[in-house]
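2 protein chains.
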Amino acid sequence: MKLDFDKIDRVIHERGRLAIMTLLATRVRWSFADLKAELKMSDGNLVTHLRTLHQAGYVATTKEILDRPQTSYGLTERGRAAFAGYLALLEQIVKTGQG
Amino acid sequence: MKLDFDKIDRVIHERGRLAIMTLLATRVRWSFADLKAELKMSDGNLVTHLRTLHQAGYVATTKEILDRPQTSYGLTERGRAAFAGYLALLEQIVKTGQG
DNA sequence: CCGAGCACTTTGCACCACAAAGTGCGGTAT
DNA sequence: ATACCGCACTTTGTGGTGCAAAGTGCTCGG
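Chains A and B supply the protein sequences, listed in that same order. Residues in the first sequence are numbered from 102 upward in steps of one, following the working numbering. Residues in the second sequence are numbered from 102 upward in steps of one, following the working numbering.
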């Protein structure tokens, strides 16, 4: 098998954003506060990563006002597809590395 | 399962070095020229990554002079262990992301 | 001696992760 | 009404680093 490392999505393949994408993949929607609590990231950093993901078209943002203003985030179709592609590559790497 | 993204080894988790580590894992030794040809990296860049990996104790360097001077590279025990740990984390991410 | 190739080092640029501090807005308490 | 607090940002600053390009020394072949 031929691994093409150029195909690694730089947007996803960064520690912080990889963490975000992985979390987002497990649940339909996440509030900003929950993400922050789970990731133990500074909010500035978290927002920046979310914006990067948003600009790449991977993440959708929903703003609502319940009793408190609350923004929630989820993967777009495109984001899901990109993440699936990324995971497939990881799998190949794991297989190659262990085989 | 609880994923700890802080455990991601920054030395390994970079595109170029991840490629190098993956290649090194598949064969006992690689010549510099072979790595360069396979990775399509500039030699300066490749050397820098190899040095980083070397300083982390993950890669051993062997210099020999056959007809031409030739340097070859291989994983150390520590490198192999670190890479295995990294791959295990990748596996968890893949599982979490797909589950 | 000259040119080529290997294995570097050095330099420089540009990007980016990350933290810290500041902003605005709405709700809540006093 | 005002003061305060938390949420969701933006801005700023710094350090680190990937990467390319150019330069270095070394050895061999012609």
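Even glycine gets a Cβ: it sits at the ideal position worked out from N, Cα and C.
Query raised in the report: Does DSSP classify V112/A as helix, strand or coil?
Result: Residue state, collapsed to three classes: coil.
Report task. Starting from the beta carbon of I194/A, find every residue of chain B whose beta carbon is closer than 8 Å, and list them in chain order. Result -> Contact annotation for I194/A against chain B: L119, T123, L188, L191 [CB-CB distance below 8 Å, chain order].
Query raised in the report: Is it buried or exposed for G198/A, if we count other Cβ within 10 angstroms and need 16 for buried?
Result: Buried.
**Report entry** Alpha carbon of V195/B to alpha carbon of L188/A, nearest angstrom
**Finding:** So the alpha carbons of these two residues sit roughly 6 Å apart.
**Report entry** Residue closest to F133/B, alpha-carbon to alpha-carbon, out of K108/B, Q156/B, F106/B, A161/B
**Finding:** Distances from the CA of F133/B to each of K108/B, Q156/B, F106/B, A161/B were compared; the closest alpha carbon is that of A161/B.
Report task. For chain B, find out if any of its Cβ atoms is closer than 7 Å to the Cβ of A138/A; answer yes or no. Result -> So, not an interface residue.
Query raised in the report: What are the residues that DSSP puts in a beta bridge with T163/B?
Result: Answer by DSSP bridge pairing, in chain order: S173/B.
Query raised in the report: Are the C-beta of R128/B and some C-beta of chain A separated by less than 7 Å?
Result: Interface flag for R128/B against chain A is unset, since no Cβ pair is found closer than 7 Å.
Query raised in the report: At what residues does the alpha helix (DSSP H) containing R128/B begin and finish?
Result: Taken as a continuous stretch (DSSP letters only), R128/B belongs to no alpha helix (DSSP H), as it is neither H nor E.
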